[in-house]
Amino acid sequence: MKLFFSISLFLLLLLNVYSGYSQNEVEISGVRYLLHTVKKGETTFSLCQKYKVTQAELNAANPEISGVLKSGSQVKIPVKKPAEVKIAVQPNEKATASEPEYYYHKVTKQQTIFSIAKQYGITANELIRYNPIITNGLNAGQVLKIPVLTDNSADTTEPKVIAAENVKVSSDAGSEENFRFHTVVAGETLYSLGNKFSVSREELIRLNPAVKNGLQTGTRLKIPEKKELKEENLESSQPDQNKVADAIAEPESVICNPISGRNIQKYKAALLLPLNLQGNDQINISEVKSGILTGKIDLSHLNTLAGTDSVGITSGLNIDSKVEGFIEFYEGALLAIDSLIQQGMNIELIVFDASNKQMINGLLQLDIFRELDMIIGPVYPELQETVAAFAAKNRIPMISPLASTGNYEESNPYYFKVNPTREYQIEQTAQFIADKFSSKNLVLLQINGNSNSAEAKLAEKSKEKLRSLKNKTVREYSFQQHGLSALKPMLDENGENIFIIPTDNEAQVSVAVTNLTSLAEHFDVVLVGTSTLPKLKSIQTENYHRVRLHYLSPYFVDYTKSLTRRFVGRYRDVFSGEPTQFSFQGFDVTYYFLNALFRYGKDFRSCLPQYPMELTQMEFRLKRVSPMGGYMNKALFVTAWDRNFEILNGGIFGSFNSEN
């Protein structure tokens with residue numbers, strides 16, 4: 010009953026408002042307006058409040074308004090009939106005198122964050138800020154709070170589009186053109202606005218004669234709307250990879266052109282991580298709003314970062330273990346940004362919580378995404394599809410920082426896969442066995458279980474590679490069937506005995522390692538497997554040293570390198586802890602790719618073959634996977650565990666010197 014009474018009272022007041030001003034009504038082109046004479050001190054905001062219209066409606070009725078209202082001028086106020094007023098209010102929503110005023114909007118089918126924000130003359134960021142739940146996606150029937158625009162509501166962090174919809178303006182020639190409004194913020198110029206909205210300086214001056222002698226912060230400009238620009242509905246359609254490929258066709262050869270001289274350009278990069286902010290509200294960060302973690306990060310004084318801009322993990326914080334690794338990745342990325350700033354790069358890192366598809370679809374509708382120079386993430390392949398399509402369409406380099414699965418690099422030349430696929434690692438492990446151990450006594454351990462797994466294919470690949478070598482045979486053996494005693498006659502007492510284990514099944518690996526550890530007391534044993542073996546918790550790591558475990562891995566932290574030692578020291582100083590594999594990865598990925606952006610510009614892809622760089626745990630040898638495809642890192646470290654209980658770097662291995 011209270012809800013009904015409130016709505017009825019609002020309508021009654023609205024009727025009183027319009028009846029009180031009815032004597033000033035005029036009709037222009039079939040639309041009724043109230044004519045209001047501006048008094049000293051009145052603003053567009055006060056008029057909107059007085060007549061209960063939106064800023065966008067007032068602007069549409071008076072396109073000639075620019076800046077401060079002049080006393081004595083007339084302003085047209087669009088007349089709304091009471092029957093046109095539609096109010097949707099959440100039953101539990103109670104407005105207080107201290108709260109900002111809102112309109113309420115009920116979401117309908119096919120509406121997006123961008124379209125609703127545009128309708129009310131606000132930015133997508135503002136809409137999300139007042140309705141954080143929509144970072145998970147819009148649903149028909151949802152009721153959203155729309156902030157009433159005030160004179161001081163201009164967003165100083167990004168240009169704001171004031172117009173709620175395309176406005177048709179009759180020119181002197183009698184033609185109609187569509188335009189929208191933009192409020193100038195500090196630092197903008199006619200040149201930068203021309204680039205942003207794809208319009209010439211002359212056109213801006215024609216529509217806004219007052220700016221001929223320069224721009225002033227707060228000036229409202231008319232911007233011509235391009236007819237070909239159409240809103241993307243990311244939630245209702247999936248990207249067509251064939252169409253994406255057609256849209257991003259490029260010349261067969263691209264020349265590498267390093268940026269000469271001092272590079273003063275400002276770059277923007279987005280980092281998309283599954284930080285699950287709603288579930289980790291104790292994370293120590295300076296600002297969390299609308300699903301955006303630390304919307305802007307100023308790292309000019311990084312020594313204060315642990316208490317301010319960092320996601321610093323201090324004692325007593327309860328961090329979800331599923332998220333902790335990504336926070337460590339973020340910390341490594343921050344240190345990379347700090348290093349780049351010290352080298353003179355003007356970089357703005359924007360970090361987004363990207364934990365599910367709905368959140369990502371919402372993020373891609375933010376205006377700032379079209380201004381990006383690089384996207385790092387998302388982490389999970391199942392969340393990368395729409396981002397990869399968006400990046401390809403807008404020619405933005407996209408980095409997959411952790412996942413080795415997904416195949417977006419096959420058809421997207423702007424996609425970079427940092428971790429090589431499991432299949433590639435198995436193929437190269439088999440090649441490593443053939444290259445390194447073909448003259449040794451080779452024994453392939455037979456396994457039970459899934460013969461279709463990537464690890465199981467190591468057996469097939471190894472035999473295939475070795476068969477290509479003349480007079481080379483591989484004996485096979487099963488501990489499950491024959492135990493240990495039957496194996497001894499097959500061994501070389503004077504040379505190395507190489508055992509290939511094509512599985513990461515913990516039980517089967519445990520049986521093999523236990524038996525081989527016993528054999529290693531009397532024979533020279535080397536076990537070759539995959540990089541997943543050290544992660545098996547039930548197997549004592551000292552046994553891997555005894556059997557001299559060898560494998561190929563994209564990672565190897567070499568603490569003898571000066572860069573690694575400096576990174577570890579800096580990490581300890583800033584975050585009061587030890588860096589993890591995620592921390593090293595965050596630094597390496599961010600530092601390498603942003604460095605390439607800084608040195609070569611946005612189209613740095615053709616420069617990568619001649620761009621080696623020392624990193625903390627990775628080596629990048631990025632190769633294009635197909636003529637129209639993206640890039641995959643093909644560098645793997647030969648990792649060797651020795652009997653002196655050291656883990657050694659055996660060098661780089663991979664097919665990076667070949668075409669594929």
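Just so we're aligned: 171 in my numbering is position 162 of the sequence shown, and the numbers increase by one with no gaps anywhere.
All C-beta atoms, glycine included, are put in the ideal place defined by N, C-alpha and C.
Nothing here was measured: the structure is a model prediction, and the numbers come from that model.
For L475, the secondary structure class from DSSP, reduced to helix, strand or coil, is helix.
When the five nearest sequence neighbours on each side are left out, the beta carbons in the same chain lying within less than 8 Å of the beta carbon of Y389 are those of P283 and A412, in order along the chain.
Separation of R41 and P387 (C-alpha to C-alpha, rounded to the nearest whole angstrom) is 50 Å.
As for any beta strand (DSSP E) of minimum length 3 sitting wholly inside the region 504-590, the runs are 505-509, 533-537 and 559-562, ordered along the chain.
Ranked by Cα distance from N71, the first of V84, E432, T63 and V62 is V84. The beta-carbon separation of D533 and E551, rounded to 18 Å, does not stay under the 8 Å limit for a contact.
The Cβ atoms of K277 and D382 sit closer than 7 Å to each other. Residue range I656 to F662 is occupied by the beta strand (DSSP E) that includes G659.
Using a C-beta cut-off of 8 Å, the region 518-538 makes contact with the region 438-446, since at least three inter-stretch Cβ pairs fall below that distance. When secondary structure is reduced to three states using DSSP, I442 falls in the helix class. Under DSSP, no beta-bridge partner is assigned to D501. Put simply, the region 464-478 does not touch the region 571-589. Fewer than three CB pairs are less than 8 Å apart. Its chain contains no residue whose beta carbon lies nearer than 7 Å to that of G578 once the 5 sequence neighbours on both sides are disregarded. The bridge partners DSSP lists for Q83 are T46. With 16 or more other CB atoms across the displayed protein chains lying within 10 angstroms of its CB, D513 is buried.
For a cut-off of 8 Å, the C-beta gap from I350 to I359 is around 15 Å, too long to register as a contact. By the criterion of at least three beta-carbon pairs nearer than 8 Å, the region 638-654 is not in contact with the region 578-595. Shown here for I435: same chain residues with a beta carbon closer than 8 Å to its own, the five before and five after excluded, namely A463, E464, K466, L467, K470 and T539 in chain order.
For K127, the enclosing alpha helix (DSSP H) starts and ends at I122 to Y129.
Counting only runs that start and end inside the region 397-468, the alpha helix (DSSP H) elements of at least 4 residues fall at 431-446. Under the criterion of beta carbons closer than 8 Å, F565 and T648 qualify as touching, at roughly 6 Å.
The Cβ neighbour count for I268, taken over all protein chains shown within 10 Å, is under 16; the residue is labelled exposed.
In the displayed model, K366 falls within a helix according to three-state DSSP.
Of P588, I507, K118 and Q58, the smallest CA-CA separation from A342 is found for P588. Taking the Cα of Q128 as reference, the smallest distance to any Cα among P156, P543 and N148 is reached at P156. Spatial neighbours of E502 in its own chain (CB-CB distance under 6 Å, excluding positions within 5 residues in sequence) are not present. With fewer than 16 other CB atoms across the displayed protein chains lying within 10 angstroms of its CB, M499 is exposed. Contact between the region 544-560 and the region 515-528 is present: 3 or more CB-CB pairs across the two stretches fall below 8 Å. Out of E418, K426, N285 and F508, the CA that lies nearest to the CA of N450 is found in F508.
A distance below 8 Å between beta-carbons, with the five flanking residues on each side excluded, links V634 to the following residues of its chain, in chain order: E418, E419, Y640, M641 and N669. By the CB criterion at 7 Å, K632 and F665 fall inside the cutoff. For A644, the secondary structure class from DSSP, reduced to helix, strand or coil, is coil. In the structure shown, the three-state DSSP call for Y620 is coil. Its chain contains A463 and K466 as the residues whose beta carbon lies nearer than 8 Å to that of E432, once the 5 sequence neighbours on both sides are disregarded; these appear in chain order. With a beta-carbon spacing of about 11 Å, S409 and Y423 fall beyond the 8 Å limit used to define contacts. Counting along the chain, E628 sits inside no beta strand (DSSP E), nor does DSSP assign it H or E at all.
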